[in-house]
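Student: Sequence order for the protein chains is A and B.
Sequential numbering of the first sequence, starting at 379, is according to my numbering.
Sequential numbering of the second sequence, starting at 8, is according to my numbering.
From the three backbone atoms N, C-alpha and C, an ideal C-beta is built for every residue, glycine too.
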Amino acid sequence: GEEVAQTPKHLVRGEGQKAKLYCAPIKGHSYVFWYQQVLKNEFKFLISFQNENVFDETGMPKERFSAKCLPNSPCSLEIQATKLEDSAVYFCASSQSARVWNQPQHFGDGTRLSIL
Amino acid sequence: ELKVEQNPLFLSMQEGKNYTIYCNYSTTSDRLYWYRQDPGKSLESLFVLLSNGAVKQEGRLMASLDTKARLSTLHITAAVHDLSATYFCAVDGSGNQFYFGTGTSLTVIP
Numbered sequence: 379g380e381e382v383a384q385t386p387k388h389l390v391r392g393e394g395q396k397a398k399l400y401c402a403p404i405k406g407h408s409y410v411f412w413y414q415q416v417l418k419n420e421f422k423f424l425i426s427f428q429n430e431n432v433f434d435e436t437g438m439p440k441e442r443f444s445a446k447c448l449p450n451s452p453c454s455l456e457i458q459a460t461k462l463e464d465s466a467v468y469f470c471a472s473s474q475s476a477r478v479w480n481q482p483q484h485f486g487d488g489t490r491l492s493i494l
Numbered sequence: 008e009l010k011v012e013q014n015p016l017f018l019s020m021q022e023g024k025n026y027t028i029y030c031n032y033s034t035t036s037d038r039l040y041w042y043r044q045d046p047g048k049s050l051e052s053l054f055v056l057l058s059n060g061a062v063k064q065e066g067r068l069m070a071s072l073d074t075k076a077r078l079s080t081l082h083i084t085a086a087v088h089d090l091s092a093t094y095f096c097a098v099d100g101s102g103n104q105f106y107f108g109t110g111t112s113l114t115v116i117p
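1. Rank A:H407, A:W412, A:T436 by C-alpha distance to the C-alpha of A:T489 and give the top, closest one.
2. Could you confirm whether any beta carbon from chain A is found closer than 7 Å to the beta carbon of B:G110?
3. For chain A, is any of its Cβ atoms less than 7 Å away from the one on B:F107?
4. Starting from B:A61, follow the beta strand (DSSP E) in both directions and report where the run begins and ends.
5. With a threshold of 7 Å between beta carbons, is B:V55 in contact with chain A?
6. Pull up the CB-CB distance for A:C447 and A:E435, whole angstroms please, since I reckon it's below 8 Å.
7. Are the beta-carbon atoms belonging to B:A76 and B:F54 less than 7 Å from one another?
8. On the DSSP bridge assignment, give the partners of B:S19 in chain order.
9. Give, in chain order, every residue of the segment 61 to 87 of chain B whose Cβ lies closer than 7 Å to some Cβ of chain E.
10. Take B:S19 and list the residues in its own chain whose beta-carbon comes closer than 7 Å to its own, dropping the five residues that flank it on each side.
11. Is the CB of B:Q13 under 7 Å away from at least one CB in chain A?
12. Taking its Cβ as the centre, do 16 or more other Cβ atoms sit within 10 Å of B:F17, making it buried, or is it exposed?
13. Who are the near neighbours of B:Q64 in its chain, counting only those whose CB is closer than 6 Å to its CB and skipping five residues on each side?
Here it is as structure tokens:
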């Protein structure tokens, strides 16, 4: 598609439950990025993929967060045993070329995760 | 870790006035991006600045990049209400991840 599609728009989970978020990048885009936006303004990089391979995972909390981008499937970000501090908007972005620096990242509308 | 600072954090300006938002970053990079975010919405790409001295203009917004000073500016000319939003700069760090600034929340008052 022509837009980065994220589902669901909103997700509510009780503390300790699992949360799974999905992202379909723009068709033809090789790179996928996940960001966490907390407190309305702060963006934190989580992980990036080049096709189905992890490109950079330096931002990922190792213990409870995992992500995948499998062929012919939306990418996913999964949080096990959610905590209150995981409440945030999670944005997915994709970009086109191997030299990603000359293309802006295109962002989806985000998934608002609320942990109760 | 690359640090990106924006100022001001909040900006309230009258319609028709001019103002500049500043974006400073801590390590060498010659790739900087400006985005706009409306409340509850996604990020819209405004400008891609790829070299020292780059200047881009779109409507009432103009962005520039000085890589030696590690500074980018977003200049608003004759502000209108439709420009009310939060503006983010983002710098391309290692691994192509973006480091975002703190955001500048702009309100244009009639």
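Tutor: Looking at the coordinates:
1. Put simply, of A:H407, A:W412, A:T436 the residue whose alpha carbon is nearest the alpha carbon of A:T489 is A:W412.
2. Yes, B:G110 counts as interfacial toward chain A.
3. B:F107 counts as touching chain A.
4. Premise fails: B:A61 is in no beta strand (DSSP E) and is neither H nor E.
5. Interface annotation, B:V55: in contact with chain A, CB-CB separation under 7 Å.
6. That belief does not hold up - the Cβ atoms of A:C447 and A:E435 are roughly 12 Å apart, past 8 Å.
7. Cβ distance not < 7 Å, so B:A76 and B:F54 don't count as in contact.
8. In the DSSP assignment, B:S19 forms a beta bridge with B:T114.
9. In summary, chain E is missing from the structure at hand, where the protein chains are A and B.
10. Contacts found: T114, I116.
11. So, not an interface residue.
12. By the neighbour-count rule (16 or more Cβ atoms within 10 Å), B:F17 is not buried but exposed.
13. Excluding residues within five positions, none has a Cβ falling inside 6 Å.
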